[in-house]
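In our numbering, the protein residues as written are 575 to 1094. Take a look at the structure below.
Rendered as structure tokens:
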């Protein structure tokens, strides 16, 4: 009874949180709740008093022993819930909870100085759970304890057996640590490493081969996941998006065939990769299906939720699903009321401009005037007056802003301001656009300069940009999405086609700018 009293005191120390947990673990009514309340008030001090209070019987009778055993189990569960109640629920899914419960029980047994026999029983219960979830660290702890337990009791045969098991698990654990280190080194390919993406792709492929070899020897959860992640990363960096999708679908099948490992966050990780590859391959059906599935596995308004919405929005613009793009934009507009991060808001303002650009090519769809992130209403004139600078909140967004302004200036026939924007874009490219991932952006800037040099004449521009247009069409989009300078909200081919339509309209109107003799 002494241990029960100590556990109740431990549980009720957190006065602000224990009531709801007790209601969950003990119930609001019934024998267990009466027992708990009596212990908390100090009405019972021994098993005999508890048995008399509950059933009016002796402590040795079966019904009291059964109730006491169930009460201790409920106390352990309540203490575990209290330990984790301050964290967010997704952080400890089914696998972690199942093993942590037994580890928490071990900690409680140690706290109350229970005999080694009790440790032995709990560890034997923890070991199958650790194997079920492929948690090698938990297995290693179990085997080490069992080895020490048998060594203290002189059971040399069992001690040697546990030692061999521990050595095997330690090899698997070291392999997992190595695989995780390889992935951590390679997953941070971003704007600063865009120039070395091909080298990173080959390194990722070599790492995937190494992990695949480890995987044949140690079939653990971590090694399997690291293999899928490294393989997908290698194919994505090489621009092999179809292979990336295949690997991600294989990973999803692996997770779904192992319910103990199949958490929403892991599924969303690979579903997001398929969505990104759907953008690059313009595969709307596959990208949209995985986007919807991923949204069911993540919490609203988190970073991953915003990433899924952004990539789905870009996919819609790339595949001309403008009605769906409008739906996503309205969702984001509503989310800004709850989560108005400045950098996120700035990017979605530019995304809205590109949506409005795409809608200029549609006679059926449009955004209502009141739906905007640009203050009370969206004004093309006010947007054109913004001067993009290399500030922290605009870093990486300058090319997007300049291209959008250029399109609207062309529609407004403001050729002087148009020339200024083209010059600003060329200067920005010389200073900041360097590396393997910027090839498409550099090509579209050259084409815009050729448009200016040929006085915005549709026929002349059509002839001089032919080689650069062919180069643009065969240059793949770079997979480093972290580099905003290379991110295309509208594909450059689509944007160029929109520009050429405007040039054709200018030629029909006879409003081509007069040539000047200024230095280019």
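Using N, Cα and C, we set each Cβ at its ideal position, and we do this for glycine too. Bear in mind that the values here come from a model prediction, so they are computed numbers and not experimental data.
Measure the Cβ-Cβ separation of residue 881 and residue 865 and say whether it is below 8 Å.
Walking along the chain shown from the start, residue 881 turns up at place 307. Walking along the chain shown from the start, residue 865 turns up at place 291. No.
Any idea what DSSP makes of residue 1049, helix, strand or coil?
For the purposes of this step, residue 1049 is taken as the residue at position 475 of the chain shown. Coil at residue 1049, not helix or strand.
Where residue 945 sits in the DSSP three-state scheme
The residue given as residue 945 occupies position 371 in the chain shown. In this structure, residue 945 counts as coil in the three-state DSSP scheme.
Do you know how far the Cα of residue 736 is from the Cα of residue 727?
As a working mapping, residue 727 is identified with position 153 in the chain shown. As a working mapping, residue 736 is identified with position 162 in the chain shown. Between residue 727 and residue 736, the C-alpha separation is close to 14 Å.
What are the start and end residues of each continuous beta strand (DSSP E) run of 3 or more residues lying completely inside the region 759 to 828, in chain order?
Scanning the region 759 to 828 from its first residue to its last, no whole beta strand (DSSP E) run of 3-plus residues comes out.
Nearest residue (CA-CA) to residue 892, options 876, 879, 875 and 933:
As a first step, residue 892 must be located in the chain shown, where it is residue number 318. Residue 933 is the option with its Cα nearest to residue 892.
Grouping DSSP H, G and I as helix and E and B as strand, with all else coil, what is residue 871?
If you number the chain shown from 1, residue 871 lands on position 297. Looking at residue 871 - three-state DSSP - the assignment turns out to be coil, as it is neither helix nor strand.
Would you call the CB atoms of residue 648 and residue 606 closer than 8 Å?
In the chain shown, residue 648 corresponds to position 74, counting from 1. In the chain shown, residue 606 corresponds to position 32, counting from 1. Yes. Within cutoff.
If you check the beta carbons only, do residue 978 and residue 1000 fall under 8 Å apart?
Your numbering for residue 978 matches position 404 in the chain shown. Your numbering for residue 1000 matches position 426 in the chain shown. Result no, Cβ atoms of residue 978 and residue 1000 do not sit closer than 8 Å.
contact_flag[the region 1033 to 1052, the region 978 to 991] where n(CB pairs < 8 Å) is 3 or more:
Contact fails: fewer than three Cβ-Cβ distances are below 8 Å.
Going by other Cβ atoms of all chains shown within 10 Å of its Cβ, with 16 needed for buried, is residue 734 buried or exposed?
As a position in the chain shown, residue 734 is number 160, starting the count at 1. Exposed, by the Cβ-count rule.
Contacts around residue 1076, its chain only, beta-carbon distance under 7 Å, and the 5 residues preceding and following it disregarded
Position 502 of the chain shown, counting from 1, holds the residue named residue 1076. Within the same chain, residue 1076 has close Cβ partners 984 and 985.
Tell me, to the nearest whole angstrom, how far the beta carbon of residue 878 is from that of residue 846; I am working on the premise that it is less than 8 Å.
The count along the chain shown starts at 1 and reaches residue 878 at position 304. The count along the chain shown starts at 1 and reaches residue 846 at position 272. About 7 Å separates the two Cβ atoms, so the contact holds.
Is the distance from the Cβ of residue 796 to the Cβ of residue 753 below 8 Å?
Translated into positions along the chain shown, residue 796 becomes position 222. Translated into positions along the chain shown, residue 753 becomes position 179. Cβ atoms of residue 796 and residue 753: closer than 8 Å.
Buried versus exposed call for residue 856 [16 or more other C-beta atoms within 10 Å across all chains shown]:
The residue you call residue 856 lines up with position 282 of the chain shown. Exposed, because fewer than 16 other Cβ atoms sit within 10 Å of the Cβ of residue 856.
Per-residue burial, residue 861 [other beta carbons within 10 Å of its own, 16 or more giving buried]:
On the chain shown, residue 861 is found 287 positions in, with the first residue counted as 1. Flag for residue 861 reads buried.
Proximal residues to residue 851 (C-beta, below 6 Å), its chain only, five neighbours per side dropped:
By 1-based counting over the chain shown, the position of residue 851 is 277. Residues 815, 818 and 819 of the same chain have their beta carbon placed closer than 6 Å to that of residue 851, with the five preceding and five following residues left out of the count.
Are the Cβ atoms of residue 790 and residue 750 separated by less than 8 Å?
Mapped onto the chain shown, residue 790 falls at position 216. Mapped onto the chain shown, residue 750 falls at position 176. No. Outside cutoff.
Would you report the Cα separation of residue 608 and residue 870, rounded to the nearest angstrom?
Along the chain shown, one-based indexing puts residue 608 at 34. Along the chain shown, one-based indexing puts residue 870 at 296. Cα to Cα, the separation comes out at about 41 Å.
Between 582, 908, 998 and 596, which has its C-alpha nearest residue 619's C-alpha?
Here residue 619 refers to the residue found at position 45 when the chain shown is read from its first residue. Nearest of 582, 908, 998 and 596 to residue 619, Cα basis: 582.
Same chain only: Cβ atoms within 8 Å of residue 760, ignoring 5 sequence neighbours per side:
Position 186 of the chain shown holds residue 760. 774, 777, 778, 781, 804 and 807, listed in sequence order.
To the nearest angstrom, how far is it from the Cα of residue 1061 to the Cα of residue 798?
Along the chain shown, read from residue 1 onward, the residue named residue 1061 stands at position 487. Along the chain shown, read from residue 1 onward, the residue named residue 798 stands at position 224. C-alpha separation (whole angstroms): 31 Å.
Is it buried or exposed, residue 639, if we count other Cβ atoms within 10 angstroms and call 16 or more buried?
On the chain shown, position 65 is the one that residue 639 refers to. Residue 639 should be labelled exposed.
So, helix, strand or coil for residue 862, using DSSP?
Looking up residue 862 in the chain shown gives position 288. In this structure, residue 862 counts as helix in the three-state DSSP scheme.
Per DSSP, what kind of secondary structure is residue 1031 in: helix, strand or coil?
As a working mapping, residue 1031 is identified with position 457 in the chain shown. Coil, per DSSP.
Delimiting residues of the alpha helix (DSSP H) encompassing residue 849
Your numbering for residue 849 matches position 275 in the chain shown. It spans 838 to 855 - the alpha helix (DSSP H) in which residue 849 sits, taken as one unbroken run.
What does the Cβ neighbour count give for residue 720, buried or exposed, with the cut at 16 atoms within 10 Å?
Counting from one through the chain shown, the residue named residue 720 turns up at place 146. With 16 or more Cβ atoms within 10 Å of its Cβ, residue 720 is classed as buried.
In whole angstroms, give me the CA-to-CA distance for residue 939 and residue 926.
Locating residue 939 in the chain shown gives position 365, where the first residue counts as 1. Locating residue 926 in the chain shown gives position 352, where the first residue counts as 1. Each residue's alpha carbon lies about 14 Å from the other.
Please look up how many angstroms separate the CB atoms of residue 928 and residue 1064, rounded, as I've assumed it's under 8 Å.
Mapped onto the chain shown, residue 928 falls at position 354. Mapped onto the chain shown, residue 1064 falls at position 490. In this structure residue 928 touches residue 1064 by the C-beta definition: roughly 5 Å separates them, less than 8 Å.
Locate the alpha helix (DSSP H) running through residue 1068, then write down its first and last residues.
Here residue 1068 refers to the residue found at position 494 when the chain shown is read from its first residue. Residue 1068: member of the alpha helix (DSSP H) spanning 1066 to 1083, first to last residue.
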